[in-house]
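Quick notes on the structure that follows.
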Amino acid sequence: AQKITQTQPGMFVQEKEAVTLDCTYDTSDQSYGLFWYKQPSSGEMIFLIYQGSYDEQNATEGRYSLNFQKARKSANLVISASQLGDSAMYFCAMRAFGNEKLTFGTGTRLTIIP
Amino acid sequence: DSGVTQTPKHLITATGQRVTLRCSPRSGDLSVYWYQQSLDQGLQFLIQYYNGEERAKGNILERFSAQQFPDLHSELNLSSLELGDSALYFCASSVAWGSGEYEQYFGPGTRLTVT
Numbered sequence: 001a002q003k004i005t006q007t008q009p010g011m012f013v014q015e016k017e018a019v020t021l022d023c024t025y026d027t028s029d030q031s032y033g034l035f036w037y038k039q040p041s042s043g044e045m046i047f048l049i050y051q052g053s054y055d056e057q058n059a060t061e062g063r064y065s066l067n068f069q070k071a072r073k074s075a076n077l078v079i080s081a082s083q084l085g086d087s088a089m090y091f092c093a094m095r096a097f098g099n100e101k102l103t104f105g106t107g108t109r110l111t112i113i114p
Numbered sequence: 115d116s117g118v119t120q121t122p123k124h125l126i127t128a129t130g131q132r133v134t135l136r137c138s139p140r141s142g143d144l145s146v147y148w149y150q151q152s153l154d155q156g157l158q159f160l161i162q163y164y165n166g167e168e169r170a171k172g173n174i175l176e177r178f179s180a181q182q183f184p185d186l187h188s189e190l191n192l193s194s195l196e197l198g199d200s201a202l203y204f205c206a207s208s209v210a211w212g213s214g215e216y217e218q219y220f221g222p223g224t225r226l227t228v229t
């Protein structure tokens, strides 16, 4: 079984600052993928970034980067130079290769303060 | 815009009724997934289809069923609705299934309210 833990229910960050959203996971699978999704107040789920368990380098996508520490089973999302439009719920998720379902954490509500 | 479309956007119905939610995957995607997001259960995987065949099942109630049609669109049928079925229902699609690295792209969701 897989489990995702997001320990920060809410965060407030000043605009233009960097923010790190925490995610730890638990799995006995050797091959898996880690994902971050953003859910604005409008409700849609927006894919942000992906990290494979065998990737040696941390994934980056624009202002998003994933701080992957496999031994610690953590996959933190870093958002650089935060913007007002970054205010949303952020979900960490994982999928074991060969398993179809995404397992989601409970999410972190990020609020960017002007 | 993820390219995944879902209709309707909102649905309000009464307990005991039956509804059908519709999803069209991104062009070229063969896999369709259904998820339920509720306040008490969070985001939960319901079921997955690949090219018309059921491939994986999650926490889907017996009152719920789904299918994927030859044109790859999918429908989620919810029957004998209860108040607790009120939730945001997402459809997601991906190009593949099984081992390998691929993302699931989510549609905008259908918000179901059971009164």
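So the sequence lines, in the order shown, correspond to chains A and B. With the first letter of the first sequence counted as 1, position 19 gets the number 19 in my numbering; the numbers rise by one all the way through. The number in my numbering is simply the position in the second sequence, starting from 1, with 114 added. Glycine is no exception: its CB is placed at the ideal position from the N, C-alpha and C atoms.
| query | At which residues does the beta strand (DSSP E) containing V13/A begin and terminate? | reply | Element bounds for V13/A: 10-14.
| Cβ-Cβ distance between F183/B and A206/B below 7 Å | Taking C-beta atoms as the reference points, F183/B and A206/B fail to come closer than 7 Å.
| request: Return the chain-ordered list of same chain residues with a C-beta closer than 7 Å to the C-beta of Q150/B, the five sequence neighbours on each side being excluded. | output: Q158, L160, A201, Y203
| message | Assuming V19/A is part of the beta strand (DSSP E), what are its boundary residues? | response | 19-21
| Q57/A, enclosing beta strand (DSSP E) - first and last residue | It is not in any beta strand (DSSP E) - Q57/A carries neither H nor E in the DSSP assignment.
| message | Assuming T224/B and L125/B are in contact, meaning their beta carbons sit under 8 Å apart, how far apart are those beta carbons, in whole angstroms? | response | Indeed, because the Cβ distance is near 6 Å, the residues count as touching under 8 Å.
| request: Would you kindly report the start and end of the unbroken beta strand (DSSP E) that includes F35/A? | output: 32-39
| query | CB L34/A to CB A75/A, shorter than 7 Å? | reply | yes
| query | Exposed or buried, what is D199/B when buried is set at 16 or more other beta-carbons lying within 10 Å of its beta-carbon? | reply | It is buried - the Cβ of D199/B has at least 16 other Cβ atoms within 10 Å.
| said: Our contact map puts W36/A next to L77/A with C-beta atoms below 8 Å; I'd like the distance itself, whole angstroms only. | reply: 5 Å
| Quick one: which chain B residues come within Cβ less than 8 Å of F91/A? | What F91/A touches in chain B: L157.
| said: Less than 7 Å between the beta carbons of Q218/B and E100/A, yes or no? | reply: Going by C-beta atoms, Q218/B is not nearer than 7 Å to E100/A.
| request: Return the first residue and the last residue of the beta strand (DSSP E) that V78/A is part of. | output: Residues 74-79.
| request: For the segment 77-93 of chain A and the segment 17-34 of chain A, state whether three or more C-beta atom pairs, one from each stretch, are separated by less than 8 Å. | output: yes
| said: Tell me which residue opens and which closes the beta strand (DSSP E) that M45/A is part of. | reply: M45/A -> no beta strand (DSSP E), and no H or E assigned at all.
| request: Tell me where the beta strand (DSSP E) around N67/A begins and ends. | output: 64-69
| field | Close Cβ partners of D26/A (< 6 Å) along its chain, the five nearest in sequence each way excluded | value | K3
| Residue span of the beta strand (DSSP E) that contains G156/B, given as start and end | Counting along the chain, G156/B sits inside the beta strand (DSSP E) bounded by residues 156-164.
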